[in-house]
Amino acid sequence: ILPMDRLLDMFRTVVNVTGDILVARVIAHSES
Numbered sequence: 140i141l142p143m144d145r146l147l148d149m150f151r152t153v154v155n156v157t158g159d160i161l162v163a164r165v166i167a168h169s170e171s
């Protein structure tokens with residue numbers, strides 16, 4: 140169970156970081 144939870148946690152982190160980057164790019168694009 141633990142390895143799977145670790146994997147899901149890593150996946151969740153990647154999704155969060157990717158989402159933040161996309162939002163930042165959209166905001167920067169809309170402001171310029």
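Numbers in the numbering used here are just positions in the sequence shown, counted from 1, shifted up by 139. All C-beta atoms, glycine included, are put in the ideal place defined by N, C-alpha and C. None of the values given here were measured: they were computed from a predicted structure.
Straight-line Cα distance separating residue j from residue i
| i | j | result |
| --- | --- | --- |
| Asp148 | Leu161 | 20 Å |
| Ile166 | Thr152 | 21 Å |
| Met143 | Thr157 | 21 Å |
| Phe150 | Asp159 | 14 Å |
| Ser171 | Arg164 | 11 Å |
| Leu141 | His168 | 40 Å |
Residues near residue i in its chain [Cβ-Cβ closer than 6 Å; skip 5 each side]
| i | result |
| --- | --- |
| Leu146 | none |
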